[in-house]
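Shown next, in structure tokens, is the structure this report addresses.
Protein chains in written order, with my numbering: chain A, 189 to 411; chain B, 86 to 178.
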């Protein structure tokens, strides 16, 4: 038996200086390195459920697959519907990540999927989980993030989601054909984006009809 | 929306540092949080408190500095109670 007396020595301040986001950034950089080593241009496509992410990817794959080896990773909480919609459009490989409950992809999940990607791809589209909140805070290590917003989300969609649109490299404003039907003035989100991110490229699309896709590809320097 | 997982990471970091200093309890935590993280500070404080109570720490005071346009979540320092244990004797019988 050993007998101890414990005495209070008082309080001290201990320096910790740890950025808990740093690990996320390390993982994103690992992906960047992986893409660079393979000459693979990767893009993150984010946006709300139903905004047009899968339509955009399907359109871009169709236009690019003649001259490029394109891959797609689709992310969703459940189902393989998005991957199925893109399959048969010309992509060399289509993978689906089901996150289970996570509201976003992150660099670690993407890295896991990359281990299953075929060699020889030169373009990769990664469709993020559908919402304008969570993906904003998780860099995947891609070349650019495209955020798709649609007329049916209302005139104030930009103001309501500042973190997401501040993280965008390109914004696609989709469903322009139904703006009037849903009583949305598209000049409002465009003005809000200009105020929030002066100089940020914005492309209006009607992806069901394939309109605006060439401008998106040009903005991404994929043409 | 991710306040619980962020709180969990913060608490893990602080507990580890406290243990390295032989500290029994955490009194306060200083954080720097980027405004673009859009973290709800009350939720964060709630979850850190819940984790602290689970580990027998008393009420933990959060001192948060918000960094405009920043994205960091930095655990700057923590105030901890340090105890010392003195061996009084052994019974070898």
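For glycine and all other residues, C-beta sits at the position ideal for the given N, C-alpha and C.
Beta-bridge pairing of residue i - partner residues as DSSP gives them
{"i": "residue 190 of chain A", "result": "B/175"}
{"i": "residue 111 of chain B", "result": "B/165"}
{"i": "residue 338 of chain A", "result": "A/362"}
{"i": "residue 398 of chain A", "result": "DSSP output for residue 398 of chain A lists no bridge partner at all."}
Any C-beta of chain B under 9 Å from that of residue i
{"i": "residue 189 of chain A", "result": "yes"}
{"i": "residue 199 of chain A", "result": "yes"}
{"i": "residue 354 of chain A", "result": "yes"}
{"i": "residue 256 of chain A", "result": "no"}
{"i": "residue 344 of chain A", "result": "no"}
Classification of residue i by the beta-carbon crowding that lies within 10 angstroms, buried from 16 upward
{"i": "residue 196 of chain A", "result": "exposed"}
{"i": "residue 396 of chain A", "result": "exposed"}
{"i": "residue 255 of chain A", "result": "exposed"}
{"i": "residue 377 of chain A", "result": "buried"}
{"i": "residue 125 of chain B", "result": "exposed"}
{"i": "residue 381 of chain A", "result": "buried"}
Option in the options with minimal Cα separation from residue i
{"i": "residue 340 of chain A", "options": "A/364, A/347, A/358 and A/321", "result": "A/364"}
{"i": "residue 142 of chain B", "options": "B/153, B/133, B/111 and B/156", "result": "B/111"}
{"i": "residue 164 of chain B", "options": "B/144, B/124 and B/118", "result": "B/144"}
{"i": "residue 229 of chain A", "options": "A/332, A/326 and A/251", "result": "A/332"}
{"i": "residue 173 of chain B", "options": "A/348, A/314, A/191 and A/236", "result": "A/191"}
{"i": "residue 232 of chain A", "options": "A/198, A/239, A/245 and A/226", "result": "A/245"}
{"i": "residue 220 of chain A", "options": "A/273, A/356, A/329 and A/234", "result": "A/329"}
{"i": "residue 120 of chain B", "options": "A/389, A/354 and A/383", "result": "A/354"}
{"i": "residue 140 of chain B", "options": "B/90, B/104 and B/169", "result": "B/104"}
Residues that residue i contacts on chain A, provided the C-beta gap is smaller than 8 Å
{"i": "residue 169 of chain B", "result": "194, 195 and 197"}
{"i": "residue 163 of chain B", "result": "201, 202 and 204"}
Residues that residue i contacts on chain B, provided the C-beta gap is smaller than 7 Å
{"i": "residue 304 of chain A", "result": "None at all; the shortest Cβ gap to chain B is about 26 Å."}
{"i": "residue 351 of chain A", "result": "121 and 123"}
8 Å Cβ cut-off: residues of chain B touching residue i
{"i": "residue 217 of chain A", "result": "None at all; the shortest Cβ gap to chain B is about 15 Å."}
{"i": "residue 208 of chain A", "result": "91, 94, 95, 98, 158, 159 and 160"}
Partners in chain A for residue i, counting only beta-carbon separations shorter than 9 Å
{"i": "residue 128 of chain B", "result": "Under the 9 Å cutoff, chain A gives no residues; its nearest Cβ is about 14 Å from residue 128 of chain B."}
{"i": "residue 176 of chain B", "result": "189, 190 and 191"}
Interface flag, residue i vs chain A, CB-CB below 9 Å
{"i": "residue 108 of chain B", "result": "yes"}
{"i": "residue 103 of chain B", "result": "yes"}
{"i": "residue 147 of chain B", "result": "no"}
{"i": "residue 136 of chain B", "result": "no"}
{"i": "residue 140 of chain B", "result": "no"}
Residue i: contacting residues in chain B (beta-carbon distance under 9 Å)
{"i": "residue 299 of chain A", "result": "Here the premise fails: no neighbours, minimum Cβ distance about 19 Å."}
Chain-ordered chain A contacts of residue i [CB-CB under 7 Å]
{"i": "residue 112 of chain B", "result": "199"}
Within-9 Å CB hit, residue i to chain D
{"i": "residue 252 of chain A", "result": "As a matter of chain content, chain D is missing from the structure shown, whose protein chains are A and B."}
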